[in-house]
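Here the structure comes first, spelled out in C-alpha cells, and everything after it is commentary.
In our numbering, the protein residues as written are -6 to 123.
Now the structure itself:
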C-alpha cells in the first residue's frame, strides 16, 4: 500500500501534467473501481470538465474539477497513474480507467483491482454567515 509520501509524490507529479487539461472522454474497463456510479454516470460526470487542482486527505487523492465537482481516488495496494501519449502501446489488462485529455491520456493501473473512485458534486458553493 502506498504510504503518505508516495501518495504526495503522485500528486506532485500529476499537478505538473494534468492541471487545466480538459477531460474529453472516460473509458472504464472494471466496474468494481467505481464506488458510487455506473460507467455511464461516471463518464457523464467527468466529460467536458477540467482539472483545477489536486489535494490529499490522508491517502485519498482529491481531484478538484471545474463546476464544483470533485473526484476522489484511493490507490489501495497497487494503484498508480500513468501518462500515455495517444495511440501509444500499453498493457490493457491492468488499465481500469482511461481519461482522454486534451494532450494525452491519463491511465489508472491497478493489477489487484482494489482502488476506488468516488464522484462528488458540491451542493453548497457559498456559505453566508449571519
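A virtual CB, placed ideally from N, CA and C, is assigned to each residue, including glycine.
Check	Outcome
Outcome for residue 51 when other beta-carbon atoms lying within 10 angstroms are tallied against a minimum of 16	exposed
C-beta contact flag for residue 45 and residue 57 at 8 Å	yes
CB of residue 54 within 8 Å of CB of residue 3, strictly	yes
Other residues of its chain near residue 118: CB distance less than 6 Å, five sequence neighbours each side excluded	Only weak support exists for where residue 118 lies, its pLDDT of 48 falling under 50; the value from the coordinates is given anyway. Excluding residues within five positions, the ones whose Cβ falls inside 6 Å are 61.
Residues near residue 38 in its chain [Cβ-Cβ closer than 6 Å; skip 5 each side]	112
First and last residue of the uninterrupted alpha helix (DSSP H) at residue 0	-3 to 11
Own chain, CB closer than 6 Å to residue 100, minus 5 neighbours either side, in chain order	75, 77, 88 and 91
Complete runs of the beta strand (DSSP E) confined to the region 19 to 90 [at least 3 residues]	44 to 50, 53 to 58, 62 to 67 and 73 to 77
Contact set for residue 15: own chain, Cβ-Cβ below 6 Å, skip 5 residues either direction	43 and 95
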